[in-house]
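Enquirer:
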Amino acid sequence: MPTLLLKNGRVFDPSSKLDKTADILIDLQSGTIEGIGKNLKPPPGAEMLDCSDLLVCPGFLDIHVHFREPGFTAKETIASGSAAAVHGGFSTVVTMPNTDPPLDNSSAIAYQYLKAEQAGMARVFPMGCITKGRAGEELAALGLLARAGAVGFTDDGACVNSSFLVRSALEYARALGKVVVEHCEDHDLSNGAVMHEGKVSAALGINGYPSAAEEIIVARDIRLAKLAGARIHVQHISAKGSVSLVREAKKKGAKVSAEVAPHHLLLTDECCRDFDANYKMNPPLREPSDLDACLEGLLDGTIDCFASDHAPHTTEEKSQEFVETPNGVIGLETNIGVLLTHLVHKNKLPLKRFVDAWTASAARVLDLPGGSLKVGGPADVTILDLDLRWQVDPARFKSKARNCPFAGWKLKGAPVYTLVGGKVFPAIGATMKVPAKQKSARSR
Amino acid sequence: MAWTRKHLLDLESLSKAEIVEILDTAASFKEVSGRSVKKVPALRGRVVVNLFYEASTRTSNSFALAAKRLSADTMSFSSSGSSVSKGETLIDTAKNIEAMGVDAFVIRHSAPGAPHLLARHTQCSVINAGDGCHEHPTQGLLDIFTIREKLGKVAGLTVAILGDIRHSRVARSNAHGLRKLGARVILAGPPTLVPPAIAAALGVEVSHDIDAVVEQADALNCLRIQFERKAGRFFPGVREYAAIYGLNEDRMKRAKPGAIIMHPGPINRGIELTPELADGDRSVILQQVSNGLAVRMAVLYLCMGVGAQSVAAREEVEA
Ligand SMILES: [Zn+2]
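If you're matching them up, the sequences are chains A and B in order. Sequential numbering from 1137 applies to the first sequence in our numbering. Sequential numbering from 104 applies to the second sequence in our numbering.
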């Protein structure tokens, strides 16, 4: 029986309270974990991966990515997106339905599953639309979407501004055991704005939108979820006020969850000063106090998990005038490095919470499989080198897109291998040309 | 001082010394305008291209004439009837024009930052002739030039900018330039047309009480309501606007004796400014237009001149 031994790593899984140097034995036929323990004896002929000095975690999940297929394959495909995922340390991703045509019917969902299987890299779980054609007017066939395997419902990229429709979707989703997932933006108030409303937008003469446009919908959806007795998930939370609303609601027992993107924890609207479209996304980069609030929310559990909102666009699209370029930045291949460097290594975020927010907590939000290391469970594993020094060079990305706000950043810590069902993919840390020690000795 | 810039993208990034350099250079060019032969050979053989994505006869004519007085050749591309209207990107359009061997782009565009984007993709000089609601540096400079000429100084003066601040690139450029030269700047208008964070963003004061502002101002710069940018959605109606926020003779009775009235044009007569005031003794509106020519000559001369060139050459060596 083909077997793989992950040898001598620091096995780290907050959900199983694991933090010890151990081996993991993987049955490659079934793609499951056969054993976790010290000095495991592999059967003869077993493959071995030396994990000394590496952190061996459950496979990371990014529950908010845009893979653009069908419809926008110049930006990304399911194959290129899946390659970016495993290269960035992610064994599982959840794709958003704002494709062309949108994922508002069961065959569209089946198509993404098929493409993902053909690609054979990350596990890809699509979300279905809340409304037909993402037009915000009629409910999509939520029951059939769920039956086809949609793991949640969202019109992401747009908010469902009709309270009636959101209520209906919540009631439907409750019966289906699914979550309604909202891009929270009062479009009437944001009114086509392309950045955060504040000092920077005022100086640049750019139409900005206030945090209130997000907060209004967060507040509304919490109310509607209570009314329907259903679960609501807040995507890419960005505003201080939204964090407070979710915190208060959770205290009162509301069934609400939230995710935050790395760029909303690390970058502010000041980045837009040079009109660089690689800092343009929706929700927009906000102010330092919003970043602080998001981090606080992450620390106290108000915010459940990370999610990148990986939103690929072509270089041509992103090198237009700031107000004209499409919203979004990519994140799959920088998520881990930027957060390790700027939150974990700076002691702002415990390693345990960092791993949890990419694994068990992310899986829990959408009831996805995975997120923990268990004997008998899937051999989805993310292996990190916490000390690897590297520099972000978008030319090395597996994603088709280069719209990365962290280009040129010098980082410490990277994924080196991603395992999906026991299959090993080298991650960005392993494809570095210069080993860690040489690099640090040579740089400056 | 030695001028080192190849582009004029905004006044926010200019130093006080650089602004003064432009104003002083403009003053010497103004003298040229008074001669019978109004040309100097400073930019002979150089090509200046007007790239206008928003209609504007006034500013494009002013730049074209300024270039001609410096003996440069001029070309103009407007958004209608060219490749621009056929969906070509700004960068592609500019690169195609650049390939003909031009030296400077004077660009007007509805998108804030379009000149900054262009400057990153071209070897030519880029002069911002107005980018959306962001900046209009030569208008700011000519306004400051006019104030300095009429009132003898800038530092210590109180300059009020009135009206549609939200949509005004003129207000932003004026505020940056005036602040650097030591003036006190008050932005005044209806609350909805003054963005909430603008005082902090520009280091200026904000008021919604026009009468109080008129009493304090040495110069009153009235802005046009930008109906083309849907400014009408931000206030209840023009009658109400004229009554509460417009400048009229009655209101001007409170003004300081020597206070001047300015307007970047074109005027919505009877809304932000009454015809009597626009054409009255305090008005310096036509002087603003003639000063615009001198200021634009100075800007083209400095950015395309020998000093700027040697800097560009130096940059290439360093890169
Ligand atoms: Zn979204």
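We treat Cβ as the ideally placed atom computed from N, Cα and C, and that holds for glycine.
Would you give the residue range spanned by the beta strand (DSSP E) that B:Met365 belongs to?
Expert: Ile363 to Met365
Enquirer: Compile a chain-ordered list of the residues in the stretch 1319 to 1337 of chain A whose CB is closer than 9 Å to at least one CB of chain B.
Expert: Glu1333, Gly1334, Lys1335, Val1336 and Ser1337
Enquirer: Within 7 Å: the Cβ of A:Asn1539 and any heavy atom of ligand 1?
Expert: In this structure, ligand 1 has no non-hydrogen atom nearer than 7 Å to the beta-carbon of A:Asn1539.
Enquirer: Please classify A:Arg1146: does DSSP put it in a helix, a strand, or coil?
Expert: A:Arg1146 falls in the strand class under three-state DSSP.
Enquirer: Compare the C-beta of B:Ala197 with all C-beta atoms of chain A and state if any pair is closer than 8 Å.
Expert: For B:Ala197, the answer is no, since every Cβ of chain A falls outside 8 Å of its Cβ.
Enquirer: In the structure shown, what three-state DSSP assignment does A:Gln1527 receive?
Expert: strand
Enquirer: Using the beta-carbon count (16 or more within 10 Å), is A:Val1229 buried or exposed?
Expert: buried
Enquirer: Let me know the secondary structure DSSP gives B:Leu126 once reduced to three states.
Expert: helix
Enquirer: Can you tell me which of the three DSSP states B:Gly335 falls into?
Expert: Here B:Gly335 sits in helix by DSSP.
Enquirer: Hey, out of B:Ile247, B:Ile301, B:Pro367 and B:Ala304, whose CA is closest to B:Leu281's CA?
Expert: B:Ile247
Enquirer: When burial is assigned at 16 or more other CB atoms within 10 Å of the CB, is A:Ser1304 buried or exposed?
Expert: buried
Enquirer: Return yes when the C-beta of A:Asp1322 is under 7 Å from any heavy atom of ligand 1, and no when it is not.
Expert: no
Enquirer: Bridge partners for B:His212 per DSSP, in chain order?
Expert: B:Asp234
Enquirer: Once you ignore the five residues that flank A:His1200 on each side, which residues in its own chain have a CB closer than 8 Å to its CB?
Expert: Val1230, Met1232, Asp1292, Gln1371, His1372, Glu1395, Ala1397, Ala1443, Ser1444, Asp1445 and His1446
Enquirer: Can you tell which of B:Leu117, B:Gly259, B:His279 and B:Leu290 has the C-alpha that lies nearest to the C-alpha of B:Arg269?
Expert: B:Leu290
Enquirer: Looking at the C-beta of A:Leu1340, does it have a partner C-beta in chain B at a distance below 8 Å?
Expert: Chain B, which has a Cβ nearer than 8 Å to the Cβ of A:Leu1340, makes this yes.
Enquirer: If I measure Cβ to Cβ from B:Pro298 and keep anything under 6 Å in the same chain, skipping five residues before and after, which residues do I get?
Expert: Arg269
Enquirer: Give the DSSP bridge partners of A:Arg1259, in chain order.
Expert: A:Thr1228
Enquirer: Name the two residues that bound the continuous beta strand (DSSP E) containing A:Pro1562.
Expert: Lys1559 to Pro1562
Enquirer: Can you grab the Cα-Cα spacing for the pair A:Ser1298 / B:Ala129, in whole Å?
Expert: 58 Å
Enquirer: When the distance is taken between beta carbons, is A:Leu1520 closer than 8 Å to A:Ile1472?
Expert: yes
Enquirer: Could you check how far apart the C-beta atoms of B:Phe132 and B:Ala397 are, in whole angstroms? I think they sit under 8 Å.
Expert: 5 Å
Enquirer: Of all Cβ atoms in chain B, is any one closer than 8 Å to the Cβ of A:Asp1426?
Expert: For A:Asp1426, the answer is no, since every Cβ of chain B falls outside 8 Å of its Cβ.
Enquirer: To the nearest angstrom, how far is it from the Cα of A:Asn1483 to the Cα of A:Arg1489?
Expert: 12 Å
Enquirer: Rounded to whole angstroms, what is the Cα-Cα separation between B:Ile125 and B:Glu375?
Expert: 30 Å
Enquirer: Give a yes or no on whether the minimum CB-CB distance between B:Gly280 and chain A is below 8 Å.
Expert: False, the Cβ-Cβ gap to chain A never drops below 8 Å.
Enquirer: Checking the sheet assignment: what are the DSSP bridge partners for A:Phe1196?
Expert: A:Phe1226
Enquirer: Using only the heavy atoms of ligand 1, determine whether one of them is closer than 7 Å to the beta carbon of A:His1319.
Expert: yes
Enquirer: Under 7 Å between beta-carbons, which chain B residues line up against A:Asp1602? List them in chain order, please.
Expert: Residue 1602 of chain A falls outside the range modelled here, since chain A spans only 1137 to 1580, and no answer is possible.
Enquirer: Could you pull the start and end residues of the beta strand (DSSP E) that B:Cys325 belongs to?
Expert: Residues Ala322 to Cys325.
Enquirer: Write down every uninterrupted run of the beta strand (DSSP E) in the stretch 1335 to 1416 of chain A whose length is 3 residues or greater and which is fully enclosed by it, in chain order.
Expert: 1368 to 1370 and 1392 to 1396
Enquirer: Can you determine whether any heavy atom of ligand 1 sits closer than 7 Å to the C-beta of A:Asn1418, and answer yes or no?
Expert: Answer for A:Asn1418: yes, Cβ within range of ligand 1.
Enquirer: Given 7 Å as the limit, tell me if A:Asp1445 has its C-beta closer than that to any heavy atom belonging to ligand 1.
Expert: Yes, the Cβ of A:Asp1445 comes within 7 Å of a heavy atom of ligand 1.
Enquirer: Under 9 Å Cβ-Cβ, which residues of chain A neighbour B:Ala222?
Expert: Chain A residues near B:Ala222: none, gap ~10 Å exceeds 9 Å.
Enquirer: First and last residue of the beta strand (DSSP E) that includes B:Val309?
Expert: Glu308 to Ser310
Enquirer: Indicate the three-state DSSP secondary structure (helix, strand or coil) for A:Pro1514 in the structure shown.
Expert: strand
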